[in-house]
Amino acid sequence: DLTIQPKYLVTFTVGIAQKANIDAAVKKFSENFTIMLFHYDGRTTEWDEFEWSKRAIHVSVSKQTKWWYAKRFLHPDVVARYDYIFIWDEDLGVQHFNAEEYIKLVRKHGLEISQPGLEPDRGLTWQMTKRRGDREVHKVTEERPGWCSDPHLPPCAAFVEIMATVFSRDAWRCVWHMIQNDLIHGWGLDFALRKCVEPAHEKIGVVDAQWIVHQGVPSLGNQGKSENGRAPWEGVRGRCRKEWGIFQARLADAEKKYYLDQGITPPNSTSV
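Below, the structure written as structure tokens:
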């Protein structure tokens, strides 16, 4: 029997090549966390050298992605005992991160969906995720001209990326249902997270005081296969873009149906 009943869950989708990095990351999470590893390379016994691995939960299915695992193994009813669920990539530098302190800040600022700030100019795609050194958290940003139709909408607000996302129990129940069974890469999900909390521009944010570095290891691309002279990562990236379009179309169709079921004329366009 467990002497401590963990209140939080952290999952990493891992391959053996990132074993040392995951060991460093896990040590940033206290005994209040259940550790869960999703193994995409089928190699699990090599992790036995770590004492923490013996109490971790291991799930092994070859060549899958973290959203594939999350949809199948993190049903909201199964993880309902946890106040917060961390769904993280394997290539994150955590030297400046402490999970317990992170939870304190999330609670203090009322964040239902969040991520740690990213070290400036390292692995950045969006300005929203860039760490700010003068505050504990931030919920809005300025992007390049024309990128935000509304200052309260993604990617200027109500937005975090999907590499190191943290969900409250209630937010995860909604997000899990939004994840599509067959769209395994999760592209587009970051722009749609706002549909799960209200007001989204207040309840989604970036924690600056506990920050990470995205190392940008292309591990998933290396799991693919070469086709027609294209590198494995090119095939993965192509599928990601295709899935993003499918996800946007499905979400728009679902919103249209919702409005019609309510007897309301749908807006001319519904943006993800």
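Numbering of the sequence shown is given in the working numbering, commencing with residue 1414 and proceeding in unit increments.
Beta carbons are placed, not taken as given, at the ideal position from N, Cα and C, and that holds for glycine.
In this text the structure is predicted, and so the values were computed from the model without any measurement.
- Between Val1553 and His1614, the C-beta spacing is below 8 Å.
- Between the beta-carbon of Ile1500 and that of Ala1483 there is about 6 Å, and that keeps the pair under the 8 Å contact cut.
- Lys1543 sits in a strand when the DSSP states are folded into three classes.
- Per DSSP, the continuous alpha helix (DSSP H) segment holding Tyr1515 begins and ends at 1512-1521.
- 8 Å or more divides the Cβ of Thr1447 from the Cβ of Ser1473.
- The C-beta of Trp1624 has 16 or more other C-beta atoms within 10 Å across all chains shown, which makes the residue buried.
- The three-state secondary structure of Val1573, taken from DSSP, is coil.
- Within the DSSP bridge table, the entry for His1551 names Val1619 as partners.
- Your pair Glu1503 and Ile1435 checks out as a contact, with CB atoms roughly 6 Å apart and the cut at 8 Å.
- With contacts defined as CB atoms closer than 8 Å, Leu1531 and Arg1548 fail to qualify as a contacting pair.
- A Cβ-Cβ contact shorter than 8 Å links Thr1426 with Lys1479.
- The C-alpha of Asp1666 is placed about 14 Å away from the C-alpha of Ile1677.
- C-alpha of Ile1526 to C-alpha of Asp1563: approximately 20 Å in a straight line.
- Contact annotation: Ile1516 and Val1573 have beta-carbon atoms that are not nearer than 8 Å.
- Around the CB of His1590, fewer than 16 other CB atoms lie within 10 Å, so the residue is classed as exposed.
- Assignment of Gln1528 by DSSP, reduced to helix, strand and coil, places it in the strand class.
- Ranking Cys1569, His1565, Leu1524, Trp1560 by CA distance to the CA of Met1541 puts Cys1569 first.
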